[in-house]
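All remarks here apply to the structure that follows.
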Amino acid sequence: MLRVGILGCGTIAAKIADSLKGNKKVVIAGVASRERNKAKKFAAAHCPEAKVFTGYEKLAASDEIDLVYIATPNTYHYEHAIMCIKEYKNILVEKPFAMSKAEADSIFFEAKNRGVFVAEAMWTSYQPLHMKALEWIEKGRIGAVKYVSANLGYDIAAVPRLNSTVLGGGSYLDLGVYTTNFALSFMGNDIKVSRVFARTVSSGIDRDTSYCLESEDGSILGNFYVTMCADTDKDGVVVGEKGKIKFTNINNYRKIAIYSNDDKLIEEVEADKDFLHGYVYEFESCAKAISNGLIQAPEMPWFRTTRIAQINDTIRSMM
Ligand SMILES: NC(=O)c1ccc[n+]([C@@H]2O[C@H](COP(=O)([O-])OP(=O)(O)OC[C@H]3O[C@@H](n4cnc5c(N)ncnc54)[C@H](OP(=O)(O)O)[C@@H]3O)[C@@H](O)[C@H]2O)c1
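Just add 17 to the spot in the sequence shown (first one is 1) and you have this note's numbering.
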């Protein structure tokens, strides 16, 4: 049983704790907040058996925790990751993993030196339908990939964290990291940013961002948009020479379906009906990797996280 400690008792941490209730491989063994009462209330509501820690340092140093799940705002991921690694604590870090490629490199450098497991909580990468789509492409079901497109939008402009430059807000860092991970998964690692159009407000926060990616050899084009101002359909498509894969909700895969070039449905697979279940896969993957002595998650290897961080740097510099 992997004993997980939650660092930061916020919105996503609550969903994760609820998702892991009754899990046979992973247990929430501790929760840490900057405020004791907040941690106590969180534990009572979501994981009554968990030990309550006041202050993140105590959780990081605890012998009763195998993996720390870092669920703090984006700009704190680096500091909290390094603090845990220095305590030889395995970590699963919420997306975006870091605020820059330099921060990501530094975290992996420290982790490698100490043999500590580190993974990015890019939950989509660990979902079974993501793997199934990769398998279909690998088997040549749609032929060589030519075009990839996806959108991700939620009406969340009122969320304070998203409007704060200090906390690393904006639609791209919140949602664009998912579309970029989708791009890297289906276009390959050798891609470049060719266009960025961001609608920003005076603070510099991007409320909506559209961008184009292109494979280095020019054979694949990618077109993406994300927004914190509207609920979009969240769909994606990967078009190949022989057909296409349509994705229903690229942020929590509901269904994937292969169509022929003349739009005949060939095969479709639906996800588990339980919405919250989608968060479990990343934790079970960490449990398996750690028990196998790995320091990376096969579904979300370090080179992928580093590449996303590098593309994030480029896109943000082009806004
Ligand atoms: N995978 C997903 O589906 C998903 C969904 C939403 C968010 N996320 C990611 O998860 C992270 C947290 O997002 P969230 O929506 O859960 O945020 P949130 O509700 O604001 O919670 C963040 C927590 O971080 C802690 N924190 C530490 N320093 C803070 C500071 N200076 N200001 C505010 N909070 C601070 C707080 O916990 P304490 O007060 O207990 O110390 C707070 O409750 C982000 O990186 C976000 O991108 C992922």
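Just so it is clear, CB atoms sit at the ideal spot from N, CA and C, and this is done for glycine as well.
Cβ shell of residue i (< 6 Å), same chain only, five flanking positions each side left out
i              : result
lysine 259     : Ile159, Gly160
asparagine 168 : Tyr242, Thr249
alanine 215    : Asp223, Thr226, Met336
alanine 306    : Ala314
Rounded Cβ spacing between residue i and residue j (contact assumed at less than 8 Å)
i              : j              : result
arginine 212   : tyrosine 195   : That belief does not hold up - the Cβ atoms of arginine 212 and tyrosine 195 are roughly 19 Å apart, past 8 Å.
isoleucine 173 : methionine 245 : 5 Å
isoleucine 45  : isoleucine 23  : 6 Å
alanine 58     : glutamine 327  : Reading the sequence as shown, one finds lysine at residue 58 and not alanine. 39 Å between Cβ atoms; not a contact.
aspartate 223  : serine 188     : 5 Å
valine 176     : alanine 138    : About 18 Å separates the two Cβ atoms, so there is no contact after all.
leucine 76     : glycine 47     : 6 Å
methionine 317 : tyrosine 143   : 7 Å
lysine 163     : glycine 27     : The Cβ separation is near 40 Å, so there is no contact.
lysine 251     : asparagine 266 : 5 Å
isoleucine 273 : alanine 150    : 5 Å
alanine 60     : alanine 49     : With a Cβ gap of about 10 Å, alanine 60 and alanine 49 do not count as contacting.
Close-in-space but distant-in-sequence residues of the same chain around residue i (CB under 7 Å, 5 per side omitted)
i              : result
alanine 128    : Ile102, Val135, Ile312
glycine 404    : Since the first and last residues shown for the chain are 18 and 336, residue 404 lies out of range.
serine 302     : Tyr143, Ala314, Glu316
glycine 132    : Ile312
arginine 178   : Pro90, Leu184, Gly186
asparagine 206 : Arg324
Selected residue, minimal CA-CA separation from residue i, among the options
i                 : options                        : result
leucine 184       : Asn278, Val48, Asn329, Thr92   : Thr92
isoleucine 237    : Thr249, Asn278, Asn268, Leu201 : Leu201
lysine 112        : Lys106, Tyr95, Ser123          : Tyr95
phenylalanine 199 : Met148, Ile124, Asn130, Tyr171 : Met148
alanine 115       : Glu287, Asp279, Val21, Thr89   : Thr89
isoleucine 325    : Lys251, Ser219, Lys209         : Lys209
valine 254        : Ile275, Asn54, Val85, Ile33    : Ile275
lysine 42         : Glu299, Leu151, Ser166         : Glu299
leucine 146       : Ile283, Thr323, Lys290, Arg271 : Arg271
Residue range of the unbroken alpha helix (DSSP H) whose run includes residue i
i                 : result
lysine 129        : 118-131
glutamate 14      : Nothing about residue 14 can be read from this structure; the chain reaches only from 18 to 336.
alanine 62        : 53-63
phenylalanine 320 : 319-334
Bounding residues of the beta strand (DSSP E) (the contiguous stretch that carries residue i)
i                 : result
phenylalanine 70  : 68-71
isoleucine 108    : 107-111
aspartate 225     : 223-232
lysine 149        : Careful: lysine 149 lies outside any beta strand (DSSP E), inside the alpha helix (DSSP H) at 145-155.
phenylalanine 114 : Run containing phenylalanine 114: none; DSSP gives neither H nor E here.
phenylalanine 214 : 208-217
alanine 167       : 162-170
Neighbourhood of residue i by C-beta distance below 8 Å, restricted to the same chain and skipping five residues each side
i            : result
glutamate 52 : Thr71
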